[in-house]
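Structure first, then comments.
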Amino acid sequence: MDPIWLWVVAAVVCGIIEVLSVSFVFLMLGVGALAGAVVAGAGGGAYLQISVFAAVSVVLLLAVRPFLKGRLYQSSPDVRTNTDALIGAGGYALSTITVRDGRARLRGAEWSARTQAGTIEEGAPVVIIGIDGATAIVAPSTEPQ
Numbered sequence: 001m002d003p004i005w006l007w008v009v010a011a012v013v014c015g016i017i018e019v020l021s022v023s024f025v026f027l028m029l030g031v032g033a034l035a036g037a038v039v040a041g042a043g044g045g046a047y048l049q050i051s052v053f054a055a056v057s058v059v060l061l062l063a064v065r066p067f068l069k070g071r072l073y074q075s076s077p078d079v080r081t082n083t084d085a086l087i088g089a090g091g092y093a094l095s096t097i098t099v100r101d102g103r104a105r106l107r108g109a110e111w112s113a114r115t116q117a118g119t120i121e122e123g124a125p126v127v128i129i130g131i132d133g134a135t136a137i138v139a140p141s142t143e144p145q
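Residue numbers for the sequence shown follow this note's numbering, so the first one is 1 and each next one is one higher.
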């Protein structure tokens, strides 16, 4: 098999592994393999091909990967997920809610609920102020739900 095709196959395999891992390591190795293919296509010897592959891969791993990884994992403080996204949502009490127990309809689902202090009567509007395991911590709301 012609060396250029070995490099191309190596680049494709690295690309497939990268899609599965999203670590940017195999992406850099794949680009290095493509650089090796270019050298092979230009008639460079095996040592030159391997040297170019190694040099391009190392430079990309040290210079480009940290930038790409930072962009991928950069989080926005404005995006709330999971239980954090429930804080501030409203609903209403399905039963009397005390500091020990109660039930509330929150975002269309029935939740076990409790207050931090006081009692909320059945049917009263509530707002989620926290989540403790599978229990919503609620407070009385001034806005009807």
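Idealized CB from N, CA, C, for every residue including glycine.
All of these numbers come straight from a predicted model, not from anything done at the bench.
Next on the checklist: Pairs of beta-carbons, one from the segment 93–108 and one from the segment 118–130, closer than 8 Å: are there three or more?
Outcome noted: The segment 93–108 is in contact with the segment 118–130.
Checklist entry - Quick one: what does DSSP say R65 is sitting in, helix, strand or coil? => result Three-state DSSP puts R65 in a helix.
Item to check | Touch test, the segment 30–41 against the segment 52–63, Cβ-Cβ under 8 Å, three pairs minimum | outcome: Counting C-beta pairs with one atom in each stretch, the segment 30–41 and the segment 52–63 have three or more that are closer than 8 Å, which means they touch.
Checklist entry - Can you list, in chain order, the residues of its chain whose CB lies under 6 Å from that of S141, leaving out five sequence neighbours each side? => result The answer, listed in chain order, is G90, P125, V126 and V127.
Item to check | Proximal residues to M15 (C-beta, below 6 Å), its chain only, five neighbours per side dropped | outcome: Inspection of the sequence shows that residue 15 is occupied by Gly rather than by Met. Closer than 6 Å at the Cβ level, and outside the excluded window around G15, lie G30.
Checklist entry - Rounded to a whole number of angstroms, what is the C-alpha to C-alpha distance between G36 and F24? => result G36 and F24 have their C-alpha atoms spaced approximately 18 Å apart.
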